[in-house]
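Count along the sequence shown from 1, add 3, and you get the number used in the working numbering. For each residue, glycine too, the CB sits at the ideal point set by N, CA and C. To start, the structure under review is shown below, and the notes come after it.
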Amino acid sequence: MSSKASKEELVSWEGWQQHRDPDAGNDLVERYLPLVDYVIQRFMINLPKTVDKDDVRSLAYEGLLDAFDKFDIERGLKFETYASWRIKGAIIDGLRHSDWLPRSVRDKVKKIEQAYALLEQQNNQSVTDAEVSMYLGITVKELNKTVSEAALSAMISIDEAVNDDSESTGKHQLIQSGKEGSPEHHLSEQLIKEALMRAIERLPEKERIVIALSYYEELKLTEIAEVLGVSVSRISQLHSKAILRLQAAVLSVNEAY
Numbered sequence: 004m005s006s007k008a009s010k011e012e013l014v015s016w017e018g019w020q021q022h023r024d025p026d027a028g029n030d031l032v033e034r035y036l037p038l039v040d041y042v043i044q045r046f047m048i049n050l051p052k053t054v055d056k057d058d059v060r061s062l063a064y065e066g067l068l069d070a071f072d073k074f075d076i077e078r079g080l081k082f083e084t085y086a087s088w089r090i091k092g093a094i095i096d097g098l099r100h101s102d103w104l105p106r107s108v109r110d111k112v113k114k115i116e117q118a119y120a121l122l123e124q125q126n127n128q129s130v131t132d133a134e135v136s137m138y139l140g141i142t143v144k145e146l147n148k149t150v151s152e153a154a155l156s157a158m159i160s161i162d163e164a165v166n167d168d169s170e171s172t173g174k175h176q177l178i179q180s181g182k183e184g185s186p187e188h189h190l191s192e193q194l195i196k197e198a199l200m201r202a203i204e205r206l207p208e209k210e211r212i213v214i215a216l217s218y219y220e221e222l223k224l225t226e227i228a229e230v231l232g233v234s235v236s237r238i239s240q241l242h243s244k245a246i247l248r249l250q251a252a253v254l255s256v257n258e259a260y
């Protein structure tokens, strides 16, 4: 919970969490619906047109309600951050269960991810679309088509929700393990962080800019498109390629470790 929460908001939280007061619940929903809209906008830009926005909104709303139920107001955490991850997790789980992405595309994405991991590990630098395409025996056009079709798949692979009650739900924030707290766990976590830092540093310039604007400046892809003066589909493609490269870096660490 933000330290700037108003008295009225705190009263609503108390009414909802302690008494399940419908009026308090409605007040909280109204306060945080803009957060739901924000998360949906970031997801919809990456989704194929076949995915119904109303279905995504329903999943997002379920995530918000889940956050209301599981958020511990006494811990002094920022609800917006916690709820964002719950909303994202609900959308991702719902899309995964609906199997919106054909298996053939999933297989192609996995091969592309593995190609990035192998080639960038061998060269110790970012590889071009042409190099990846040549390695896979496909054209650059086919590579870009697959990346565009599987834009959210790339996001899911690195941003996958962890189904527990912790305040962190992204696996780039938390590495869940039975060995948590052990030297092995800390070593693995540190290696992954270092690999991601190196991978971000060697991203092609445009991909690095997109990642910085998206995750550090928290701009929507439509806003990034305006900043860079290119189409939203091009930004989505650059974002997806960058995420595939970063996931490949994590994959390399996991295989080595």
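Exercise. According to the neighbour-count rule (16 or more other Cβ atoms, all chains shown, within 10 Å of its Cβ), is Arg248 buried or exposed?
Worked result: buried
Exercise. Excluding five sequence neighbours on each side, which residues of the same chain lie with their C-beta closer than 6 Å to the C-beta of Gly97?
Worked result: Leu62
Problem set entry | Asp167, buried or exposed, once every other Cβ within 10 Å from all chains shown has been counted against 16 | Any reading at Asp167 must be qualified, since the residue scores a pLDDT of 41, below 50, and its modelled position is unreliable; no value is offered.
Exercise. Considering only the beta carbon of each residue, do Ile227 and Ile238 sit closer than 8 Å?
Worked result: yes
Exercise. What is the rounded straight-line gap between the Cα of Arg45 and the Cα of Val213?
Worked result: 13 Å
Exercise. Smallest Cα separation from Thr149: which of Tyr64, Ser129, Ala120, Ser107?
Worked result: Cα-wise, what sits closest to Thr149 is Ser107.
Exercise. DSSP state of Gln250, grouped into three classes?
Worked result: Helix at Gln250.
Problem set entry | In chain order, each alpha helix (DSSP H) run of at least 4 residues that lies wholly inside the region 72-102 | 82-101
Problem set entry | Burial state of Val130 (16 or more Cβ within 10 Å) | buried
For this session: Please classify Glu87: is it buried, with 16 or more other beta-carbons within 10 angstroms of its beta-carbon, or exposed?
Result: The residue you asked about is not Glu; residue 87 is Ser in the sequence shown. Answer is buried; the Cβ neighbour count reaches 16.
For this session: Give every residue of the same chain whose Cβ lies closer than 7 Å to the Cβ of Lys56, excluding the five residues on either side of it in the sequence, and list them in chain order.
Result: Met47
For this session: Taking all protein chains shown into account, decide if Arg240 is buried (16 or more other Cβ within 10 angstroms of its Cβ) or exposed.
Result: A small fix is needed here, since residue 240 is Gln in this sequence, not Arg. Gln240 comes out buried.
Exercise. Counting along the chain, where does the alpha helix (DSSP H) carrying Thr149 start and finish?
Worked result: 143-152
Exercise. With Tyr64 and Phe74 assumed to form a contact (beta carbons below 8 Å), what rounded beta-carbon distance in angstroms separates them?
Worked result: Rounded to the nearest angstrom, the Cβ distance from Tyr64 to Phe74 is 16 Å, too far for a contact under 8 Å.
Exercise. Are there 16 or more other CB atoms within 10 angstroms of the CB of Leu216, so buried, or fewer, so exposed?
Worked result: buried
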